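**Q**
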Amino acid sequence: MAEKVLMKGNEAIAEAALRAGCRLYFAYPITPQSELIEYMSKMMPKVGGTFVQSESEIAAINMVYGASGCGKRVMTSSSSPGISLKQEGISYIAGASLPAVIVNVVRGGPGLGDIQPAQGDYFQATRGGGHGDYRTIVLAPSTVQEFADMAPLAFDLADKYRIAVLILSDGLIGQMMEPVEFQPAKTDEELEELGRQHESWCMYPNEDEPNHHHHIINSLELDPHVLSDLVLNLEKKYNEIEKNEIRFEEYNISPDNEIVCVAYGTAARITKSAIDELKKEGKSIGLIRPITLWPFPTEEIKKAVHNNVKKVLTLELSLGQMIEDVRLALEGKVPVEFIGRVGGLVFSPEEVKAKIEEIL
Amino acid sequence: MEIIATRPKSLTKAQFTYCPGCTHGISHRLVAEAMDELDMRNKMMGVCPVGCSVLAYNFFDCDMAEAAHGRAPALATGMKRARPDMHVFTYQGDGDLLAIGTAEIVHAANRGEHFSVFFVNNAIYGMTGGQMAPTTLPGMKTSTSPYGRDEQDIGYPIRACELLATLEAPYYIERVSLLSPQHVLKAKKAVYKAMKFNKEERGFTFIEFVSTCPTNWGMEPMKAFEWAKENMLPFFKLGVFKDKSVEEEGK
Ligand SMILES: Cc1ncc(C[n+]2csc(CCOP(=O)(O)OP(=O)(O)O)c2C)c(N)n1
Ligand code: SF4
Ligand SMILES: [Mg+2]
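Line by line, the protein sequences are chains A and B.
So the mapping is simple: this note's numbering equals the position in the first sequence, first residue as 1, plus 9.
So the mapping is simple: this note's numbering equals the position in the second sequence, first residue as 1, plus 1190.
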């Protein structure tokens, strides 16, 4: 096994992306993700890849669109305000069925907000965010290790489904240092193989007739019947993803649970500490931690909330966004309580413990 | 029988969807002829804009990408960086390049990206039905400047070539017109030159076509040519604004 290194989340995801074969990266600086763009500026030339600090996040995501249209593994990253600017490009990427990886190191909002960790971008991430009917896969890490592991996963999913994959981290996981172990870097042969998988549709050097190709990377279709078919095809892909790609973690889930918590990312980490404390006092509290926020583990939550569970507690660093999906999953079966913090504040394990005790 | 003119190989057989008398067809043909003459078709990727030429991907017979409004230079940057072994061009209108996409064109030019930009200046938003463009002339009436463009209120037209020529990186910048056969012949030479520099990986090349939009100007095509000669050419002066090959080869 490879040795562990102590690294900031933002650097770990950058290193993991390079190892996963990312050779093109376009981004604009913003706190709290700047270590990511800085790491790429330093390391990308060393692996013979392309780093461009773009003039804006709009330009960065459109550079991603262009590079992805050539069938290459490409990534961009930003934090909340920059991700808002990328929504135009993400919608076009969805329309043109292009693979892409986008990292959001979420900070407090709305507007310029602050630079502390937050989870206020859940709606934007899971509801599409830009215009039109589309989905992006959303992965939410809760440790630096998981953040790093999500790079190869995100590229694989993006390639497999020709879809944008959003990694929804936050300022805490981006800035925190933890030991990480990296998967081995892709070899040149593997990268070449990856490059060939998209030749049926991407732009690449041409030949004269009869082997001439005329590949068009495009989201425009003026005939409503044809566009309807295209969007329905996207829906088929989304259904396939919902069937195959749901990821979640169960923590202390048991038939004894009186309360089941639902939390992701940093909020889930804190919830685990509170659950451990309560366990020492003989109280059995379970946690479901969605790892894919879209597709959302609806059935899995329903299953974990068995008949002995009296209440479900959703914990988020927002006014309550994922709670809507939790309520939809439970269809009114049990009351869903909420604890949240906004503005870049984070609840402590003690506060979570107190909230659980209050509703027990 | 001798064939003296035929469809360039770099154009598909699809019929243009432009209005009768529109100059988009001429500029398409010039770009395609240069691709043929320089044998670039099989190494070429093009980017079409949002504007009347939004369907240009059906006309150029090479791999093509359709950009969001104004973003063609960002796409082209990503494409050229992903495929340095290929060549790239963008084809953009005045609203696309000088309004919504100003940041993208200025910065792509400033980075000296290795692609060619073909810029169609028809002083109007053709596709959306004739609204005011950043190149609409002072006093010119459009559907959103019904009393004529008031430069005191909304500013003067922007000159793309002059603006980009202030930057260090661009390799070749020229403004040509499509308003008469003589002008078209000159334009053909400029397009060829830009494409040749593109093929030779010399840097960023930019050709502006002073064009017409008879439909939205509300003129017969021939009248539109005359009007443009009288009104556009004094403001948008034809000529070479930057040519680094002169310094490189001139010694
Ligand atoms: C974000 C966005 N805003 C507005 C539009 C609508 N729109 C389509 S084409 C166009 C103007 C194009 O004008 P120009 O670039 O001059 O090209 P032309 O049609 O004159 O060739 C506009 C405003 C759009 N498609 N996308
Ligand atoms: S609207 Fe104007 S620019 Fe567009 S195709 Fe017609 S004449 Fe050409
Ligand atoms: Mg125009």
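Just so you know, even glycine gets a beta-carbon here, dropped at the ideal spot from N, CA and C.
All figures in this text were calculated on a predicted structure; none of them were measured in a lab.
For the stretch 89-117 of chain A, which residues have a beta carbon sitting closer than 9 Å to at least one beta carbon of chain B?
**A** Cβ contacts with chain B come from E97, G98, S100, Y101 and A105.
**Q** Taking T58(A) as the reference, which of A1204(B), K1270(B), I1290(B) and H1373(B) has the closest Cα?
**A** For the purposes of this step, residue 58(A) is taken as the residue at position 49 of the first sequence. Residue 58(A) is actually Gly in this sequence, not Thr. G58(A) has its Cα closest to that of K1270(B), out of A1204(B), K1270(B), I1290(B) and H1373(B).
**Q** Which residues in chain B have a C-beta closer than 7 Å to the C-beta of S65(A)? List them in chain order.
**A** Locating residue 65(A) in the first sequence gives position 56, counting from the first residue. A1293, listed in chain order.
**Q** Please name the residue, chosen from K1434(B), F1396(B), P1328(B) and K1432(B), that lies closest to P1424(B) on a Cα-to-Cα basis.
**A** To locate residue 1424(B), count along the second sequence from 1; it is residue 234. It is P1328(B) whose Cα lies nearest to the Cα of P1424(B).
**Q** Is the stretch 1341-1354 of chain B touching the stretch 1297-1315 of chain B in the sense that three or more CB pairs, one from each, lie closer than 8 Å?
**A** Cβ pair count under 8 Å is three or more, so yes.
**Q** Could you pull the DSSP bridge partners for R116(A) from this structure?
**A** Locating residue 116(A) in the first sequence gives position 107, counting from the first residue. In the DSSP output, where bridge partners are listed per residue, R116(A) has P126(A).
**Q** So, for V345(A): in the same chain, excluding its five sequence neighbours on each side, which residues have a beta-carbon less than 8 Å away from its beta-carbon?
**A** Position 336 of the first sequence holds residue 345(A). K320, V321, L322, T323, I332, V335, R336 and L339, listed in sequence order.
**Q** When you compare each of P188(A), G129(A), S282(A) and A167(A) to V153(A) by their alpha carbons, which one comes out closest?
**A** For the purposes of this step, residue 153(A) is taken as the residue at position 144 of the first sequence. The option with the nearest alpha carbon to V153(A) is P188(A).
**Q** Taking Cβ to Cβ, would you say F1305(B) is nearer than 7 Å to F1279(B)?
**A** Here residue 1305(B) corresponds to residue number 115 of the second sequence, with the count starting at 1. Here residue 1279(B) corresponds to residue number 89 of the second sequence, with the count starting at 1. Contact flag set, yes.
**Q** Which residues in the same chain have their Cβ closer than 7 Å to the Cβ of I70(A), if we skip the five residues on either side of it in sequence?
**A** Translated into the one-based positions of the first sequence, residue 70(A) becomes position 61. T85, K95, G98 and I99, listed in sequence order.
**Q** By the 10 Å Cβ neighbour count, where 16 or more other Cβ atoms means buried, how is S263(A) classified, buried or exposed?
**A** Position 254 of the first sequence, counted from the first residue, corresponds to residue 263(A). Exposed is the call here.
**Q** Among K1233(B), Q1205(B) and L1220(B), whose alpha-carbon lies nearest the alpha-carbon of E1390(B)?
**A** By one-based count along the second sequence, residue 1390(B) stands at place 200. It is K1233(B).
**Q** Could you give the distance in angstroms between the alpha-carbon of P214(A) and the alpha-carbon of M1276(B)?
**A** One-based indexing of the first sequence puts residue 214(A) at position 205. One-based indexing of the second sequence puts residue 1276(B) at position 86. The straight-line gap from Cα to Cα measures roughly 7 Å.
**Q** To the nearest angstrom, how far is it from the Cα of A11(A) to the Cα of N261(A)?
**A** Counted from its first residue, the first sequence places residue 11(A) at position 2. Counted from its first residue, the first sequence places residue 261(A) at position 252. C-alpha separation (whole angstroms): 29 Å.
**Q** I need the boundaries of the alpha helix (DSSP H) containing D1343(B), first residue and last residue.
**A** As a position in the second sequence, residue 1343(B) is number 153, starting the count at 1. Per DSSP, D1343(B) belongs to the alpha helix (DSSP H) from E1341 to I1344.
**Q** Whose C-beta lies closer than 7 Å to the C-beta of R144(A) among residues of the same chain, with five residues either side of it excluded?
**A** Residue 144(A) sits at position 135 when you count from the first residue of the first sequence. Result list for R144(A): G137, Y247 and W303, in chain order.
**Q** Under the criterion of a Cβ to heavy atom distance below 6 Å, does H1214(B) qualify as lining ligand 2?
**A** As a first step, residue 1214(B) must be located in the second sequence, where it is residue number 24. Yes - ligand 2 has a heavy atom lying nearer than 6 Å to the Cβ of H1214(B).
**Q** Are the Cβ atoms of L1369(B) and F1415(B) separated by less than 7 Å?
**A** In the second sequence, counting from the first residue as 1, residue 1369(B) sits at position 179. In the second sequence, counting from the first residue as 1, residue 1415(B) sits at position 225. Contact: yes.
**Q** Starting from F164(A), find everything on chain B with Cβ-Cβ shorter than 9 Å and list it in chain order.
**A** Sequence index remark: in the first sequence, residue 164(A) carries index 155 (1-based). Simply none; closest approach about 15 Å.
**Q** For my contact list, E1364(B) and F1431(B) are in at a C-beta cut-off of 8 Å; report their separation, rounded to the angstrom.
**A** If you number the second sequence from 1, residue 1364(B) lands on position 174. If you number the second sequence from 1, residue 1431(B) lands on position 241. Confirmed, about 7 Å.
**Q** First and last residue of the beta strand (DSSP E) that includes G1429(B)?
**A** Taking the first residue of the second sequence as position 1, residue 1429(B) is located at position 239. G1429(B) -> beta strand (DSSP E) spans G1429 to D1433.
**Q** Quick check on T1280(B) - is its C-beta less than 7 Å from some C-beta in chain A?
**A** Counting from one through the second sequence, the residue named residue 1280(B) turns up at place 90. Chain A, which has no Cβ nearer than 7 Å to the Cβ of T1280(B), makes this no.
**Q** Quick check: is the beta carbon of L229(A) nearer than 7 Å to any beta carbon in chain B?
**A** One-based indexing of the first sequence puts residue 229(A) at position 220. So yes, L229(A) belongs to the interface.
**Q** Anything in chain A within Cβ reach of K1233(B), meaning under 9 Å, just list it in chain order.
**A** Here residue 1233(B) refers to the residue found at position 43 of the second sequence. Simply P214 and N215.
**Q** Which stretch, first to last residue, makes up the alpha helix (DSSP H) that contains F164(A)?
**A** If you number the first sequence from 1, residue 164(A) lands on position 155. V153 to Y170 is the span of the alpha helix (DSSP H), which, as asked, contains F164(A).
**Q** Just to confirm, are G91(A) and I39(A) a CB contact at a threshold of 7 Å?
**A** Counting from 1 along the first sequence, the entry for residue 91(A) is found at position 82. Counting from 1 along the first sequence, the entry for residue 39(A) is found at position 30. Yes; because the gap between Cβ atoms is below 7 Å, this pair is in contact.
**Q** Which whole-angstrom value describes the C-beta separation of C31(A) and F164(A), a residue pair presumed to lie in contact below a C-beta threshold of 8 Å?
**A** For the purposes of this step, residue 31(A) is identified with residue 22 of the first sequence, where counting begins at 1. For the purposes of this step, residue 164(A) is identified with residue 155 of the first sequence, where counting begins at 1. Sure, about 7 Å apart at Cβ, within 8 Å.
**Q** Please confirm whether P1345(B) has its beta-carbon closer than 7 Å to some beta-carbon of chain A.
**A** For the purposes of this step, residue 1345(B) is identified with residue 155 of the second sequence, where counting begins at 1. It is Gly, not Pro, that sits at residue 1345(B) in the sequence shown. By this cut-off, G1345(B) is not an interface position.
**Q** Please report how far the alpha carbon of H1259(B) lies from the alpha carbon of I1314(B), in whole angstroms.
**A** Counting from one through the second sequence, the residue named residue 1259(B) turns up at place 69. Counting from one through the second sequence, the residue named residue 1314(B) turns up at place 124. In a straight line, the C-alpha of H1259(B) is about 15 Å away from that of I1314(B).
**Q** Give me, in chain order, the residues of the same chain whose beta-carbon lies closer than 6 Å to that of G129(A); leave out the 5 immediate sequence neighbours on both sides.
**A** Residue 129(A) sits at position 120 when you count from the first residue of the first sequence. Closer than 6 Å at the Cβ level, and outside the excluded window around G129(A), lie G118 and S327.
**Q** Put V1374(B) into one of helix, strand or coil per three-state DSSP.
**A** Your numbering for residue 1374(B) matches position 184 in the second sequence. In this structure, V1374(B) counts as helix in the three-state DSSP scheme.
**Q** Give the residues of chain B in contact with I225(A), contact being defined as C-beta atoms less than 9 Å apart.
**A** Numbered from its first residue, the first sequence carries residue 225(A) at position 216. Y1247, N1248, D1253, M1254, A1255 and E1256, listed in chain order.
**Q** So, with DSSP's three-state summary, where would you put V314(A)?
**A** Position 305 of the first sequence holds residue 314(A). Three-state result, V314(A): coil.
**Q** Out of A283(A), A276(A), C270(A) and L296(A), which has the shortest C-alpha to C-alpha gap to P126(A)?
**A** Residue numbering aside, residue 126(A) sits at position 117 when the first sequence is read from its first letter. Among A283(A), A276(A), C270(A) and L296(A), the Cα nearest to that of P126(A) belongs to A276(A).
**Q** Report the neighbours of N261(A) on chain B: residues whose CB is nearer than 9 Å to its CB, in chain order.
**A** As a working mapping, residue 261(A) is identified with position 252 in the first sequence. In chain order: nothing, as chain B lies at least about 46 Å away.
**Q** Ignore the nearest five residues each way along the sequence and tell me which others in A173(A)'s own chain have a CB closer than 8 Å to its CB.
**A** What you label residue 173(A) is simply residue 164 of the first sequence in a count that begins at 1. So the qualifying residues of the chain are I99, I102, A103, L107, P108, A109, V110, I111, T145, I146 and A167.
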